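Chains as they are written, first to last, in numbering that gives the first Met the number 0: chain V, 0 to 241; chain E, 0 to 345; chain A, 0 to 588.
Glycine included, each C-beta is placed from N, C-alpha and C at the ideal position.
Remember, predicted model here, so these are calculated numbers, not experimental data.
Below is one structure, written out as structure tokens, with a few remarks after it.
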Amino acid sequence: MSTLLSVEDAHVSYGKVEAVRSVSLEVGDNEIVTIIGANGAGKTTLLSAIMGVLPLKGRVAFAGENLARLEIEDRVALGLSLVPEHRELFASMNVEDNLELGAFRMSKARTAAGFEHVYMLFPRLKERRKQLAGTLSGGEQQMLAMGRALMGAPKLLMLDEPSLGLAPIIVAGIFEIIAKLRQDGVSVLLVEQNAKAALQVADRAYVMELGEFVLNGKASEIATDQRVAASYLGFAESAAAG
Amino acid sequence: MNTTIMLFLLQDGITNGAIYALLGLALVLVFAVTRVILIPQGEFVTYGALTYASLAAGQMPGTAKLAFAMGLVAFAFDLYAARKSLHWQRIARAFALNVVFPGLVLAATVWAAGQRPPAGINLVLALLIVAAIGLSLYRVVFQPLAHTSVLVLLIASVGCHLALQGLGLLFFGAEGQRGPTLLNASAVLGPLRFTGQGMAVYGITIAFIVALWLFFGLTLYGKALRATAVNRLGARLVGIRTTLSGQIAFLLAATIGALSGILIVPITTLYYDSGFLIGLKGFVAAIIGGLVSYPLTAVAALLVGIVEAFSSFYASNFKEVIVFTLLIPVLVLRSLAAPAVEEEKD
Amino acid sequence: MRERWPLIIFAAVMVAVPSIPGMPPFWIVLLDNIGLSALVAMGLVLLTGVGGLTSFGQAAFVGFGAYTTAVLSANYGVSPWLTLPLSLLVAGGAAVLLGLVTVRLSGHYLPLGTLAWGLGLFYLFSKLAFLGRNDGISGIPPLSIGALKMLDPGTIYYAIWIAVLLSALLTMNLLDSRTGRAIRALRRGHVAAEAFGVYAPSAKLLVFIYAAVLAGLSGWLYAHFTRAVNPTPFGAQAGIEYLFVAVVGGAGYVWGGVLGAAIVVILKEVLQSYLPLLLHGEGQLETIVFGILLVALLQLAPTGLWPWLTSWLPLKPAGKKPNTSLTLPARERPTDMPDLLLQIDNARKQFGGVVAVNNVSFDVQAREIVALIGPNGAGKSTTFNLITGVLPATSGNISMLGRPIGKAPPQDVVKLGIARTFQHVKLVPDMTVLENVAIGAHLRGHAGALSSMIRLDRADEAKLLAEAARQIARVGLAEQMDQLAGSLSLGQQRIVEIARALCVDPVLLLLDEPAAGLRHMEKQRLAALLRELRAGGMSVLLVEHDMGFVMDLADRIVVLDFGTKIAEGTPAAIKTNPEVIKAYLGATA
Numbered sequence: 000m001s002t003l004l005s006v007e008d009a010h011v012s013y014g015k016v017e018a019v020r021s022v023s024l025e026v027g028d029n030e031i032v033t034i035i036g037a038n039g040a041g042k043t044t045l046l047s048a049i050m051g052v053l054p055l056k057g058r059v060a061f062a063g064e065n066l067a068r069l070e071i072e073d074r075v076a077l078g079l080s081l082v083p084e085h086r087e088l089f090a091s092m093n094v095e096d097n098l099e100l101g102a103f104r105m106s107k108a109r110t111a112a113g114f115e116h117v118y119m120l121f122p123r124l125k126e127r128r129k130q131l132a133g134t135l136s137g138g139e140q141q142m143l144a145m146g147r148a149l150m151g152a153p154k155l156l157m158l159d160e161p162s163l164g165l166a167p168i169i170v171a172g173i174f175e176i177i178a179k180l181r182q183d184g185v186s187v188l189l190v191e192q193n194a195k196a197a198l199q200v201a202d203r204a205y206v207m208e209l210g211e212f213v214l215n216g217k218a219s220e221i222a223t224d225q226r227v228a229a230s231y232l233g234f235a236e237s238a239a240a241g
Numbered sequence: 000m001n002t003t004i005m006l007f008l009l010q011d012g013i014t015n016g017a018i019y020a021l022l023g024l025a026l027v028l029v030f031a032v033t034r035v036i037l038i039p040q041g042e043f044v045t046y047g048a049l050t051y052a053s054l055a056a057g058q059m060p061g062t063a064k065l066a067f068a069m070g071l072v073a074f075a076f077d078l079y080a081a082r083k084s085l086h087w088q089r090i091a092r093a094f095a096l097n098v099v100f101p102g103l104v105l106a107a108t109v110w111a112a113g114q115r116p117p118a119g120i121n122l123v124l125a126l127l128i129v130a131a132i133g134l135s136l137y138r139v140v141f142q143p144l145a146h147t148s149v150l151v152l153l154i155a156s157v158g159c160h161l162a163l164q165g166l167g168l169l170f171f172g173a174e175g176q177r178g179p180t181l182l183n184a185s186a187v188l189g190p191l192r193f194t195g196q197g198m199a200v201y202g203i204t205i206a207f208i209v210a211l212w213l214f215f216g217l218t219l220y221g222k223a224l225r226a227t228a229v230n231r232l233g234a235r236l237v238g239i240r241t242t243l244s245g246q247i248a249f250l251l252a253a254t255i256g257a258l259s260g261i262l263i264v265p266i267t268t269l270y271y272d273s274g275f276l277i278g279l280k281g282f283v284a285a286i287i288g289g290l291v292s293y294p295l296t297a298v299a300a301l302l303v304g305i306v307e308a309f310s311s312f313y314a315s316n317f318k319e320v321i322v323f324t325l326l327i328p329v330l331v332l333r334s335l336a337a338p339a340v341e342e343e344k345d
Numbered sequence: 000m001r002e003r004w005p006l007i008i009f010a011a012v013m014v015a016v017p018s019i020p021g022m023p024p025f026w027i028v029l030l031d032n033i034g035l036s037a038l039v040a041m042g043l044v045l046l047t048g049v050g051g052l053t054s055f056g057q058a059a060f061v062g063f064g065a066y067t068t069a070v071l072s073a074n075y076g077v078s079p080w081l082t083l084p085l086s087l088l089v090a091g092g093a094a095v096l097l098g099l100v101t102v103r104l105s106g107h108y109l110p111l112g113t114l115a116w117g118l119g120l121f122y123l124f125s126k127l128a129f130l131g132r133n134d135g136i137s138g139i140p141p142l143s144i145g146a147l148k149m150l151d152p153g154t155i156y157y158a159i160w161i162a163v164l165l166s167a168l169l170t171m172n173l174l175d176s177r178t179g180r181a182i183r184a185l186r187r188g189h190v191a192a193e194a195f196g197v198y199a200p201s202a203k204l205l206v207f208i209y210a211a212v213l214a215g216l217s218g219w220l221y222a223h224f225t226r227a228v229n230p231t232p233f234g235a236q237a238g239i240e241y242l243f244v245a246v247v248g249g250a251g252y253v254w255g256g257v258l259g260a261a262i263v264v265i266l267k268e269v270l271q272s273y274l275p276l277l278l279h280g281e282g283q284l285e286t287i288v289f290g291i292l293l294v295a296l297l298q299l300a301p302t303g304l305w306p307w308l309t310s311w312l313p314l315k316p317a318g319k320k321p322n323t324s325l326t327l328p329a330r331e332r333p334t335d336m337p338d339l340l341l342q343i344d345n346a347r348k349q350f351g352g353v354v355a356v357n358n359v360s361f362d363v364q365a366r367e368i369v370a371l372i373g374p375n376g377a378g379k380s381t382t383f384n385l386i387t388g389v390l391p392a393t394s395g396n397i398s399m400l401g402r403p404i405g406k407a408p409p410q411d412v413v414k415l416g417i418a419r420t421f422q423h424v425k426l427v428p429d430m431t432v433l434e435n436v437a438i439g440a441h442l443r444g445h446a447g448a449l450s451s452m453i454r455l456d457r458a459d460e461a462k463l464l465a466e467a468a469r470q471i472a473r474v475g476l477a478e479q480m481d482q483l484a485g486s487l488s489l490g491q492q493r494i495v496e497i498a499r500a501l502c503v504d505p506v507l508l509l510l511d512e513p514a515a516g517l518r519h520m521e522k523q524r525l526a527a528l529l530r531e532l533r534a535g536g537m538s539v540l541l542v543e544h545d546m547g548f549v550m551d552l553a554d555r556i557v558v559l560d561f562g563t564k565i566a567e568g569t570p571a572a573i574k575t576n577p578e579v580i581k582a583y584l585g586a587t588a
């Protein structure tokens with residue numbers, strides 16, 4: 000498996016605070032990788048910096064290109080896409096326009112194909128296509144954010160807390176889609192607080208604590224790690240253990 | 000008051016209001032996309048008007064040279080910004096936009112200045128010259144400041160206003176000018192006389208608003224511009240360049256400003272510094288529209304025009320006081336209506 | 000005293016300048032103009048740079064000051080010294096009227112509003128007959144002391160610069176006080192300041208009036224300096240230029256106003272006198288160059304020149320050493336404290352169609368630690384906002400010590416002894432930890448703006464700082480006391496917020512994710528601190544995701560999911576509650 004995204008010795012500062020310290024990470028082709036960790040561990044900061052929203056010190060390469068001097072828009076053109084925590088939809092525009100803009104850099108034909116693909120993955124969006132994005136429910140907004148990102152035919156989709164504020168049933172649906180994406184040749188870098196769900200869908204995982212990776216390995220192994228179970232898998236495990 | 004006077008004032012107010020509407024729309028557009036409160040909009044008005052009038056008088060307008068000079072500076076900025084990663088395609092594009100385009104416009108202007116061409120050609124040339132200036136203004140002044148606060152952008156905007164106004168005096172002198180009318184026909188309807196120029200003002204304003212509406216509603220670039228206005232980060236994440244949106248917004252604003260100037264210069268004598276006050280009234284309309292709503296801005300602009308017309312009849316001394324004080328209650332209402340959200344700013 | 004030295008040296012230099020032999024009189028005129036401009040800019044520093052309120056209308060207040068004295072002294076022969084208070088009063092009074100409207104404007108409506116009335120007032124000045132319309136008023140008498148008439152620029156120079164230095168001193172005193180901290184906190188949003196009892200609109204109105212009075216003072220001096228006034232210097236252009244002066248110098252710094260005034264006045268003069276010679280052109284060359292320089296300066300130094308200048312000087316502000324032996328009297332509380340502190344009864348909050356908090360009921364008893372848990376988006380922070388008055392409840396009752404607070408503003412809630420921290424840290428990053436924490440004690444101090452300006456607040460201030468220092472030491476950050484809050488790690492910033500809340504002397508502490516971003520040892524120290532507070536009689540209601548932390552610490556746990564309470568009980572009971580496990584782990588479990 001070849002490497003799609005590689006991050007080496009990354010440092011990200013947020014104001015005067017160094018929120019990410021010396022982090023290295025890799026995502027391969029057709030791979031689902033997750034970063035788990037508590038609130039404030041620096042996961043969102045790291046994703047934002049990989050996308051170019053925040054400045055990053057260190058080396059980031061994507062599909063063989065050094066990203067150092069590239070703006071967000073150039074990174075999008077290379078096939079890197081971020082669905083941010085706050086989704087950043089065009090609230091006063093309808094679903095269809097949001098999706099169309101997701102394919103801003105695509106040809107007409109690719110746009111049409113994109114619509115077909117996204118509506119197949121999220122039939123709900125097709126039903127709502129004339130509705131304003133701002134009036135959608137939380138789950139539908141997450142679908143639209145993912146759909147908009149997919150319209151740009153990314154090679155790597157970075158998802159920041161896709162389950163945030165969603166009902167369990169909706170979360171299950173979103174994770175099903177994430178698993179499906181791999182079949183379409185899209186790699187996924189997933190940041191989640193819902194560690195259990197994330198570890199089930201991912202191939203590999205990194206555990207982040209206070210801006211550093213403290214553990215990484217196969218998702219299945221991380222899921223059974225004692226320390227991880229105690230800190231991140233909620234109290235069901237600790238209750239079972241205690 | 001008799002009906003004739005009232006109708007006459009109303010007509011006068013609507014004519015001015017139409018111009019304020021155009022300017023207000025441009026201000027809203029630029030603010031929404033770039034967060035710049037475009038004080039030099041007024042200079043676009045005077046530049047358009049006086050360039051058009053100069054060409055009609057067979058003179059070479061200095062604005063064409065300015066457009067070329069600013070294009071060169073803009074290109075230098077592009078080269079400097081690209082010094083570490085040279086993308087030939089991008090540089091070629093910058094060269095075409097910043098050097099070739101204003102260069103061709105300059106050449107055409109030099110040619111036209113000796114020919115006394117028809118009004119239509121003068122109009123197009125004047126629009127192109129001001130459009131080029133607007134484009135370079137964004138590149139040179141506002142693009143490097145894109146990450147700063149609204150306040151810093153506003154002050155830079157004031158700096159542009161001062162520099163452009165000074166240049167206006169240099170180019171056009173302190174004398175006022177009038178330009179030839181676009182349409183000479185006139186029609187009489189009851190007590191009202193509709194001049195061709197008045198009709199041109201209405202017609203072009205309406206056509207422009209419809210064109211803008213179609214542009215924003217139907218085209219991908221129009222939607223991209225709206226997207227940038229609604230959510231800057233979201234737009235960048237789908238690959239819409241902020242600089243592209245900024246360029247389009249400034250291009251449109253400069254064109255709209257110049258067009259407004261060309262429409263009024265046959266009716267009113269304009270001086271190099273007349274634009275500021277005209278722009279400010281468009282501004283009043285834009286603020287009433289909350290700097291976000293296009294239809295509300297257009298309606299407010301008509302209202303401003305009408306209030307101005309009536310107050311110049313009844314209390315001509317206090318015309319400006321009334322127009323600007325009109326804003327305060329509107330602002331209060333707007334603030335009260337706005338949800339009390341926490342503003343986190345830097 | 001050490002901090003005063005630069006000021007004293009500066010004052011001495013300014014006194015000496017006119018007596019330098021061979022000093023061209025023209026330079027004195029420039030210095031006069033710099034002083035007049037600096038006064039207005041200083042007000043703007045407080046208003047815009049510190050308070051976050053951008054005003055384009057300051058020139059109008061200069062106009063109020065100038066016209067007041069012009070009308071009274073030129074037309075009615077009133078002594079200029081009598082018109083001084085009147086000029087300040089008129090400028091201040093106008094600021095009250097305009098300010099009442101203006102400070103309520105939000106976002107960019109505020110600067111635009113000031114532009115609007117600035118323009119309106121300019122046209123008013125130029126149209127009113129008793130102000131001489133466009134011609135203005137001439138024949139204004141000079142200032143005089145006994146037989147000394149301040150006719151030439153060299154004598155009024157002293158009046159102007161005494162005014163500048165005094166104003167700078169008073170302004171710096173004001174900023175370094177209880178009121179000053181409240182003002183400085185507002186620029187970053189009003190929620191945090193209000194949670195500690197600051198009335199944002201009155202604090203804003205205060206700076207608005209202060210800036211207007213300084214502008215009025217400048218106007219009064221200006222009228223007696225030029226001895227004729229007309230509307231031009233009070234128009235929109237001038238208003239914009241004053242703002243420009245402040246930004247060039249550094250809008251966040253008192254001396255930035257003076258520096259900016261010097262740069263702008265000298266630059267304009269140089270451009271006006273030398274450019275035409277250099278370029279042989281006619282027209283307003285100086286405005287062109289001025290405009291271009293302005294843009295270039297903003298691109299190169301957007302925060303102004305003062306911070307750039309001071310970064311080259313070896314001037315380090317000495318940290319404050321509060322005398323911790325001073326004590327602040329405890330906040331008044333009822334003598335017979337009931338056991339039931341906080342009662343939430345069917346509280347509901349709807350945003351449009353979305354129900355964020357769905358008829359939730361629970362209570363907090365005295366000396367109890369209650370944890371509020373639930374998945375992200377379950378309504379925990381909204382519940383906090385309902386309790387603290389940041390948001391009004393849609394329906395239901397919330398009461399504290401038997402008093403209903405469901406519709407009470409945050410300033411009233413904190414008076415009942417509820418203090419809080421925020422999920423997204425709300426500290427003022429460019430204030431020190433000590434100053435940030437002292438905001439928590441805002442309601443326990445009494446010194447007002449005027450007494451702060453003339454330093455009558457020092458006893459009160461020392462007690463507030465002592466209390467703040469004590470609470471900082473209590474949470475274990477004594478070492479970081481003099482650092483800027485923004486330079487601390489996020490975890491430490493959360494702890495600073497706890498210290499700030501403790502300064503309220505609360506009976507109930509509301510903590511929103513206090514342990515996020517803390518290391519293991521730090522979490523244990525935090526838990527120990529909270530237990531100690533409970534032992535001291537305080538109650539804690541906390542939102543937290545770290546289950547290990549919550550289970551060890553809490554007496555009782557309330558679980559929210561989708562805005563609805565799904566369980567309540569002891570940690571042991573909650574751990575085994577099947578519904579809780581399901582909600583927490585989602586459908587994939």
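Per DSSP, what are the beta-bridge partners of residue i in this structure?
i: M92(V); result: DSSP, once it has assigned bridges, lists no residue as partnering M92(V).
i: S80(V); result: L156(V)
i: P403(A); result: S398(A)
i: N65(V); result: A60(V)
Indicate whether residue i and residue j have their beta-carbon atoms separated by less than 9 Å.
i: L525(A); j: P513(A); result: yes
i: L242(A); j: T381(A); result: no
i: A250(A); j: V102(A); result: no
i: R485(A); j: D429(A); result: It should be noted that the sequence gives Gly, not Arg, for residue 485(A). Cβ atoms of G485(A) and D429(A): closer than 9 Å.
i: L489(A); j: L169(E); result: no
Exposed or buried, residue i, counting other C-beta atoms within 10 Å across all chains shown (16 or more means buried)?
i: P161(V); result: buried
i: L332(E); result: exposed
i: K217(V); result: exposed
i: K574(A); result: buried
Closer than 9 Å, Cβ to Cβ, to anything on chain A: give me those residues from the region 6-38 of chain V, in chain order. Y13, G14, K15, V16, E17, A18, A37, N38
Looking at chain V, which residues of the region 30-64 of chain E have a Cβ within less than 7 Å of any of its Cβ atoms? none
What residues in the region 94-105 of chain A have a beta carbon less than 7 Å from any beta carbon of chain E? V100, R103, L104, S105
Every unbroken alpha helix (DSSP H) within the region 200-270 of chain A, with a cutoff of 4 residues, ordered by chain: 235-248
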